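The sequence shown stops at residue 139 when you use the UniProt record's numbering, and every number in between is there.
Each residue gets a CB set at the ideal place from its N, CA and C atoms; glycine is no exception.
Since the model is a prediction, treat every value here as computed from it, not as a measurement.
Beneath this line is the structure, given in C-alpha coordinates, with notes to follow.
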Amino acid sequence: MEEMLRRTVTPLPNYETREKSPPPPDSNILDFMHFYRNLDKEQRLAFLEILSREYGVDHRGASEMARKLVDTQIRDLATILQAEDRLRYSLTPRYRHLLNHISRAEGGVKFLVDLRSDVLEFTSKVTDSPHLRVNLNTS
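Rendered as C-alpha coordinates:
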(Lines of atoms letter the chains of each structure in order from A and count residues from 1; the text may use other names and numbers.)
(Lines give C-alpha, C1' and ligand atoms only; values in the text may rest on other atoms or scores of the structure.)
Protein backbone atom coordinates (compact mmCIF):
# COMPACT_ATOMS: atom_id res chain seq x y z
CA MET A 1 0.00 0.00 0.00
CA GLU A 2 2.64 2.46 1.02
CA GLU A 3 4.68 1.79 -2.12
CA MET A 4 1.65 2.62 -4.26
CA LEU A 5 1.13 5.86 -2.38
CA ARG A 6 4.79 6.85 -2.62
CA ARG A 7 4.65 6.30 -6.36
CA THR A 8 1.40 8.15 -7.04
CA VAL A 9 1.16 10.95 -4.46
CA THR A 10 3.77 13.40 -5.62
CA PRO A 11 5.34 15.94 -3.29
CA LEU A 12 3.65 19.31 -3.26
CA PRO A 13 5.59 21.46 -5.76
CA ASN A 14 7.16 24.53 -4.25
CA TYR A 15 5.15 27.71 -4.45
CA GLU A 16 7.11 29.21 -7.31
CA THR A 17 6.73 26.19 -9.63
CA ARG A 18 3.22 25.08 -8.66
CA GLU A 19 1.74 25.90 -12.09
CA LYS A 20 4.65 24.39 -14.01
CA SER A 21 4.98 21.03 -12.32
CA PRO A 22 4.14 18.11 -14.59
CA PRO A 23 1.26 15.83 -13.67
CA PRO A 24 2.01 12.25 -12.72
CA PRO A 25 1.97 9.82 -15.63
CA ASP A 26 -1.50 8.55 -16.55
CA SER A 27 -0.28 5.02 -16.01
CA ASN A 28 0.37 5.84 -12.32
CA ILE A 29 -3.13 7.23 -11.94
CA LEU A 30 -4.70 4.20 -13.61
CA ASP A 31 -2.53 1.88 -11.48
CA PHE A 32 -3.72 3.71 -8.37
CA MET A 33 -7.38 3.34 -9.37
CA HIS A 34 -6.93 -0.34 -10.21
CA PHE A 35 -5.04 -0.98 -6.98
CA TYR A 36 -7.72 0.66 -4.84
CA ARG A 37 -10.57 -1.16 -6.56
CA ASN A 38 -8.91 -4.51 -5.84
CA LEU A 39 -8.67 -3.89 -2.09
CA ASP A 40 -11.25 -5.37 0.25
CA LYS A 41 -13.16 -3.08 2.66
CA GLU A 42 -10.73 -3.40 5.58
CA GLN A 43 -7.75 -2.76 3.33
CA ARG A 44 -9.51 0.26 1.80
CA LEU A 45 -10.01 1.75 5.22
CA ALA A 46 -6.34 1.24 6.11
CA PHE A 47 -5.30 2.63 2.73
CA LEU A 48 -7.43 5.76 3.14
CA GLU A 49 -6.16 6.31 6.66
CA ILE A 50 -2.56 6.19 5.43
CA LEU A 51 -3.41 8.48 2.52
CA SER A 52 -5.06 11.09 4.73
CA ARG A 53 -2.52 10.89 7.57
CA GLU A 54 0.75 10.65 5.66
CA TYR A 55 -0.11 12.61 2.52
CA GLY A 56 -2.20 15.41 3.95
CA VAL A 57 -1.15 18.90 4.97
CA ASP A 58 2.43 19.58 6.01
CA HIS A 59 1.55 21.14 9.35
CA ARG A 60 5.14 22.04 10.20
CA GLY A 61 5.55 23.96 6.94
CA ALA A 62 2.19 25.67 7.39
CA SER A 63 3.18 26.73 10.90
CA GLU A 64 6.38 28.25 9.57
CA MET A 65 4.42 30.11 6.90
CA ALA A 66 1.99 31.39 9.54
CA ARG A 67 4.90 32.70 11.60
CA LYS A 68 6.25 34.47 8.53
CA LEU A 69 2.84 36.01 7.93
CA VAL A 70 2.75 37.37 11.47
CA ASP A 71 6.26 38.74 10.98
CA THR A 72 5.18 40.53 7.78
CA GLN A 73 2.28 42.41 9.39
CA ILE A 74 4.42 45.53 9.64
CA ARG A 75 5.33 45.35 5.93
CA ASP A 76 3.55 46.58 2.83
CA LEU A 77 0.24 45.15 1.65
CA ALA A 78 1.74 43.29 -1.36
CA THR A 79 4.12 41.38 0.91
CA ILE A 80 1.29 40.47 3.26
CA LEU A 81 -0.91 39.27 0.38
CA GLN A 82 1.89 37.13 -1.00
CA ALA A 83 2.56 35.65 2.43
CA GLU A 84 -1.16 34.85 2.78
CA ASP A 85 -1.18 33.18 -0.63
CA ARG A 86 1.85 31.10 0.29
CA LEU A 87 0.15 30.08 3.54
CA ARG A 88 -3.02 29.03 1.68
CA TYR A 89 -0.92 27.00 -0.72
CA SER A 90 0.99 25.33 2.11
CA LEU A 91 -2.36 24.19 3.56
CA THR A 92 -3.12 22.15 0.44
CA PRO A 93 -3.05 18.43 1.25
CA ARG A 94 -0.71 16.41 -0.95
CA TYR A 95 -3.45 13.96 -1.84
CA ARG A 96 -5.52 16.77 -3.36
CA HIS A 97 -3.25 16.87 -6.41
CA LEU A 98 -3.69 13.13 -6.84
CA LEU A 99 -7.47 13.49 -6.69
CA ASN A 100 -7.35 16.33 -9.23
CA HIS A 101 -5.38 14.14 -11.62
CA ILE A 102 -7.73 11.21 -11.06
CA SER A 103 -10.68 13.42 -11.99
CA ARG A 104 -9.12 13.99 -15.42
CA ALA A 105 -8.45 10.31 -16.11
CA GLU A 106 -10.92 8.16 -17.99
CA GLY A 107 -13.39 6.80 -15.44
CA GLY A 108 -11.86 9.07 -12.82
CA VAL A 109 -15.00 10.92 -11.82
CA LYS A 110 -16.88 7.68 -11.18
CA PHE A 111 -13.87 6.42 -9.21
CA LEU A 112 -13.93 9.57 -7.06
CA VAL A 113 -17.66 9.20 -6.45
CA ASP A 114 -17.09 5.60 -5.33
CA LEU A 115 -14.13 6.69 -3.20
CA ARG A 116 -16.26 9.37 -1.57
CA SER A 117 -18.93 6.76 -0.88
CA ASP A 118 -16.33 4.57 0.84
CA VAL A 119 -15.11 7.50 2.94
CA LEU A 120 -18.65 8.35 4.03
CA GLU A 121 -19.33 4.72 4.90
CA PHE A 122 -16.10 4.42 6.89
CA THR A 123 -16.55 7.68 8.76
CA SER A 124 -20.08 6.76 9.77
CA LYS A 125 -18.71 3.55 11.33
CA VAL A 126 -15.25 4.59 12.49
CA THR A 127 -15.19 7.54 14.85
CA ASP A 128 -11.57 7.29 15.96
CA SER A 129 -10.07 8.38 12.64
CA PRO A 130 -10.01 12.18 12.62
CA HIS A 131 -7.82 12.20 9.51
CA LEU A 132 -10.56 10.67 7.41
CA ARG A 133 -13.26 12.91 8.84
CA VAL A 134 -11.33 16.17 8.72
CA ASN A 135 -8.86 15.80 5.86
CA LEU A 136 -11.36 14.36 3.41
CA ASN A 137 -14.05 16.90 4.36
CA THR A 138 -16.63 14.45 5.64
CA SER A 139 -17.19 15.81 9.14
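Taking only three categories from DSSP, how would you classify residue i?
i      : result
LEU91  : coil
SER21  : coil
LEU115 : helix
GLY56  : coil
ASP26  : helix
LEU120 : helix
THR10  : coil
LEU39  : coil
MET1   : coil
ARG75  : coil
ALA66  : helix
ALA105 : coil
THR138 : Low confidence applies to THR138: its pLDDT is 43, below 50, so where it sits in the model is not reliable, and the reading given next is rough at best. THR138: coil per DSSP, three-state reduction.
So, at 8 Å on beta carbons, what are the nonlocal neighbours of residue i in its own chain, with the 5 sequence-adjacent residues on each side left out?
i      : result
SER103 : VAL109, LEU112
GLY107 : MET33
ILE50  : MET1, GLU2, LEU5
Spatial neighbours of residue i within its chain, please: C-beta separation below 6 Å, excluding the five flanking residues on both sides.
i     : result
HIS97 : none
LEU12 : ARG94
THR10 : PRO24
MET4  : PHE35
VAL70 : none
TYR89 : TYR15
GLN43 : none
Keeping to the same chain, check which residues put their C-beta closer than 7 Å to that of residue i; ignore five residues upstream and five downstream.
i      : result
LYS68  : ALA83
ASP26  : ALA105
ASP114 : none
ASN28  : ARG7, THR8
Mind the definition here: the stretch 110-126 touches the stretch 76-87 only if three or more C-beta pairs lie below 8 Å; say whether that holds.
no
Counting pairs of beta carbons, one from the stretch 93-112 and one from the stretch 53-72, are three or more of them closer than 8 Å?
Short answer: they touch.
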